[in-house]
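>
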Amino acid sequence: MAKIKLGIFDFTDCEGCQVELVGLKEKLLVLSEKVEIVNWRLGQEKAELEQFDVALIEGTPLVQEEIDLLKTIREKSKLVVGLGSCATLGGIPGIMDKKERQKWYEKIYGPDYKGRGIDALPLSAYIKVDFLIHGCPVNGAELVRIFSDLINNKKLNYKDFSVCFPCKVANIPCRLLENKPCLGPITQGTCGAICLKGGSPCYGCFGVKDGANVGALLTILKNFASEEEIENYFSMFHNKSKLYDK
Amino acid sequence: MINNEFIAKIEGHGTLNIDLARKKAELKVLEGERLFEGILVGRPAKDAPWITARICGVCPIAHNLASLKAVEAAFGITPNKTTILLRKLMVASQIIQSHTLHLFFLALPDYLGLDSGLELAKKNPAAFKAALSLKEISDEISYAVAGRAVHPTTTAIGGFHKIPDKKSLKDLANKLENNFDSALSAVNVFRKLDYPGYNIELEFISQTDRKKYPGYDSTEIISGKNNYSSVKNYKEDISEEVRKNSTAKFAKYKKREVMVGALARLATHYKYLAPVSRKYVKELNFKNPFYNNFAQAVEILHFYQKAREIIKVLLKEELDSKIISPSNHPPLKGIGAVEAPRGGLYHEIHLDGKGKIIFVNIVTPTVQNLTSIEKSGQAILDQSPKISQDEAQKLIEMLIRAYDPCITCAVH
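As you go down the protein sequences, you meet chains A and B in turn. Start counting the first sequence at 1; every next residue gets the next number (the working numbering). Start counting the second sequence at 1; every next residue gets the next number (the working numbering).
1) Which whole-angstrom value describes the C-beta separation of Leu132(A) and Thr88(A), a residue pair presumed to lie in contact below a C-beta threshold of 8 Å?
2) Assuming Pro152(B) contacts Ile61(B) (C-beta within less than 8 Å), just tell me the rounded distance between them.
3) At the level of alpha carbons, what is the spacing between Gly94(A) and Gly84(A)?
4) Residues of chain B with CB closer than 8 Å to the CB of Val19(A), please, in chain order.
5) Would you call the region 20-34 of chain B and the region 374-390 of chain B in contact, with 3 or more CB pairs under 8 Å?
6) Counting only runs of 3+ residues fully inside the region 45-77 of chain A, write out the beta strand (DSSP E) ranges in chain order.
7) Given 8 Å as the limit, is there contact between the region 49-63 of chain B and the region 181-198 of chain B, that is, 3 or more CB pairs closer than that?
8) Is it the case that the region 158-177 of chain A contacts the region 186-194 of chain A, given that we only count it when at least three CB pairs across the two stretches are under 8 Å?
9) When Cβ atoms are compared, which residues of the region 308-320 of chain B fall closer than 9 Å to chain A?
10) Since I believe Gly110(A) is in contact with Val367(B) (beta carbons under 8 Å), could you give me their beta-carbon distance rounded to a whole number of angstroms?
11) According to DSSP, is Val189(B) part of a helix, a strand, or is it coil?
12) What does the alpha-carbon distance come out to for the pair Ile373(B) and Ala295(B)?
13) Within its chain, find whatever has a CB closer than 6 Å to the CB of Ile151(A); leave out the 5 residues flanking it on each side and keep chain order.
14) Distance cutoff 8 Å, beta carbons only. Does His238(A) sit that close to anything in chain B?
15) For the region 101-129 of chain A, which residues have a beta carbon sitting closer than 9 Å to at least one beta carbon of chain B?
16) Is the Cβ of Glu66(A) closer than 8 Å to any Cβ of chain B?
17) Can you list the beta strand (DSSP E) stretches of 3 or more residues lying completely in the region 86-139 of chain A, in chain order?
18) Between the Cα of Cys205(A) and those of Glu75(A), Pro185(A), Asn213(A), spot the shortest distance and give me the residue it belongs to.
19) Assuming Leu112(B) contacts Lys9(B) (C-beta within less than 8 Å), just tell me the rounded distance between them.
20) Against chain B, with Cβ distances strictly below 8 Å, would Glu231(A) count as a contact?
21) Give me the subset of the region 156-175 of chain A whose CB atoms are less than 8 Å from a CB atom of chain B, sorted by chain position.
22) Note down, one range per segment and in chain order, each alpha helix (DSSP H) of at least 4 residues found wholly within the region 102-159 of chain B.
23) Hey, would you say Val363(B) sits closer than 8 Å to Ala251(B), going by beta carbons?
24) Listed from N- to C-terminal order along the chain, which residues in the region 388-403 of chain B have their beta-carbon within a distance smaller than 7 Å of any beta-carbon of chain A?
25) Spell out the partners DSSP gives Pro44(B) in its beta bridges.
26) What did DSSP end up calling His347(B) once you bin it into helix, strand or coil?
27) Tell me whether the beta-carbon of Val298(B) lies closer than 8 Å to the beta-carbon of Leu266(B).
28) Just to confirm the assignment, what range does the alpha helix (DSSP H) spanning Asp390(B) have?
29) How close, in whole Å, do the beta carbons of Tyr143(B) and Val338(B) come, if the pair is a contact with beta carbons under 8 Å?
30) Ends of the beta strand (DSSP E) at Ser223(B)?
31) Taking 8 Å as the threshold (beta carbon to beta carbon), is Val242(B) in contact with chain A?
32) What's the C-alpha gap between Ile396(B) and Gly211(A)?
33) In the DSSP assignment, find the beta strand (DSSP E) that holds Tyr291(B) and state where it starts and stops.
34) If you reduce the DSSP assignment to three classes, tell me which class Ala212(A) lands in.
35) Of the choices Leu89(B), Pro405(B), Phe36(B), Phe104(B), whose alpha-carbon is the least far from that of Glu140(B)?
36) Between Leu56(A) and the rest of its own chain, which residues show a CB-CB distance below 6 Å, the 5 nearest in sequence each way excluded?
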């Protein structure tokens with residue numbers, strides 16, 4: 001059987017998800033033997049732009065050239081997979097509202113500067129994306145699960161549990177019961193509740209779980225948190241994914 | 001945009017145009033602007049370290065710590081001894097992590113005629129094994145102390161949400177003990193490389209406390225042999241220039257092109273290196289920026305040794321997990337300086353009376369190095385009368401890689 005042709009692309013972002021990818025170490029080596037990496041700017045000079053079985057895209061298509069390349073990649077790829085919250089949700093760069101950009105170009109770069117960025121949006125704002133590997137950064141074990149499905153020609157699937165599941169398994173006191181905001185109940189749990197284990201809140205970077213009841217969580221949050229505080233949580237990674245009507 | 005116009009194997013997006021007839025090399029930075037200094041304004045102070053870590057996936061710990069220091073200065077907080085030791089351990093793991101990734105995955109292929117770091121597995125299995133071992137150990141330290149290899153989860157304003165227990169520190173100590181060879185072999189790989197021979201006048205600066213090898217707690221900047229300036233004046237001394245067609249600014253220190261990072265730290269602080277790494281200093285050429293690769297390997301060995309020493313102290317002491325609260329009359333303005341893997345990093349933050357962010361300024365090491373890269377690139381072209389277009393392209397790309405620029409940091 002011919003090797004899967006894989007392209008790995010990075011748009012505007014921190015490249016931390018690729019660092020997680022490299023962090024797979026021996027497993028990445030196994031992957032590189034099972035697939036042919038035909039394009040990976042961070043990893044190699046070789047850069048084909050012919051055809052991809054799978055295109056893995058990290059980052060937000062912020063500048064026009066990235067938006068154009070994204071559309072080209074879509075045309076040339078059987079499967080387009082978003083890697084990390086910038087690609088899947090708009091993520092941290094998405095906190096910046098489009099209408100605010102000009103003001104900040106002037107403050108940061110001065111009045112004569114002509115900004116390149118248009119708006120930090122998820123890939124899905126421009127093209128059809130076949131699968132989303134969420135996370136800021138993505139989780140190594142989850143990468144292994146998805147890659148092994150890819151190599152074995154299986155249909156990629158999301159896991160059907162929220163962050164609460166691994167959080168309870170780890171016996172971490174529930175933040176909501178302590179009147180502290182948390183987006184764990186509506187968020188996909190394949191992160192393993194890693195932020196909560198470290199003592200940080202969940203801001204929902206692993207994306208909304210299928211069938212999550214966002215309205216019910218909002219009702220609970222409104223019992224103890226101010227609107228500003230709720231907005232602070234929902235804007236961290238989801239500013240561009242419009243989870244609820246403000 | 002054709003994808004391969006971008007320089008491969010560097011962090012972020014830049015292009016290199018060489019006009020050989022005019023002997024000019026131009027580095028263009030085209031990374032999209034995320035506008036972090038704007039993103040933060042209006043948000044609570046707690047968001048600053050969390051969000052700024054995400055400026056860079058290769059040095060998130062450096063940004064997280066610089067931001068924590070800035071916020072703590074603004075709140076009038078002095079963290080306890082355990083916190084400081086754990087943060088210094090984070091600096092050590094960050095530098096090992098970042099240097100390992102850069103050296104083996106991005107830089108070494110140039111010298112061995114390979115296209116990708118993954119090819120090392122077959123072509124130089126010993127180097128590959130050392131790289132994996134160093135990556136694993138530094139990831140494990142970051143995991144145990146910071147909660148994760150990329151983007152910390154445990155760090156907090158005034159301390160840690162969660163500190164590692166003695167057992168996990170003991171495990172780290174054993175792991176470091178058993179894998180010391182990997183740090184030694186990193187130095188052995190990079191001291192034997194055939195670096196392009198150039199002679200370039202380089203001026204180095206580094207953060208310093210005049211007592212130790214730089215990392216977490218510097219208050220001054222040293223330039224040359226013994227000129228000092230206060231970190232408090234970072235904004236005046238490190239002036240940033242906005243250029244047409246570049247999303248990154250280009251900085252100079254007191255109007256001069258300076259190099260920051262491993263080679264600069266070694267040049268200014270070699271006498272404070274751990275003895276095991278100090279003996280390699282005489283093999284370094286401080287007038288050749290390609291030796292930054294070798295310098296990074298020497299630093300891996302130094303910080304490996306530092307990590308062992310810090311853990312030893314932590315194992316002896318009683319660990320204090322208390323988070324320090326803001327003082328009663330905080331100054332509400334603070335600067336946080338840390339030596340990141342690529343050089344001096346500065347975060348400044350201003351808060352209002354409710355702890356909301358009203359101003360942020362971030363100066364990254366790569367912004368300082370960009371002007372030095374340009375100067376060195378020019379010197380190389382001037383010193384190479386017979387070079388062809390292809391050779392020039394390859395050589396200057398190697399030079400850029402040797403500086404280990406982080407374009408995503410530079411633009412932020």
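Note that CB positions come from ideal geometry on N, CA and C, so glycine has one too.
To lay it out plainly:
1) 4 Å
2) 6 Å
3) 13 Å
4) Gly57, Val58, Leu101, Ala149, Val150
5) yes
6) 52-58
7) no
8) yes
9) none
10) Not a contact, Cβ separation roughly 15 Å.
11) helix
12) 17 Å
13) Lys34
14) no
15) Arg101, Lys103, Trp104, Tyr105, Lys107, Ile108, Tyr109, Gly110, Asp112, Tyr113, Lys114, Gly115, Arg116, Gly117, Ile118, Ala120
16) yes
17) 131-133
18) Pro185(A)
19) About 13 Å; that fails the 8 Å criterion.
20) no
21) none
22) 108-112, 120-123, 125-146
23) yes
24) none
25) Lys356(B)
26) strand
27) yes
28) 389-402
29) Incorrect: roughly 20 Å between the Cβ atoms, too far for contact.
30) 220-223
31) yes
32) 53 Å
33) Where Tyr291(B) is concerned, there is no enclosing beta strand (DSSP E), given that its DSSP letter is neither H nor E.
34) coil
35) Leu89(B)
36) Ile8, Val81, Leu83
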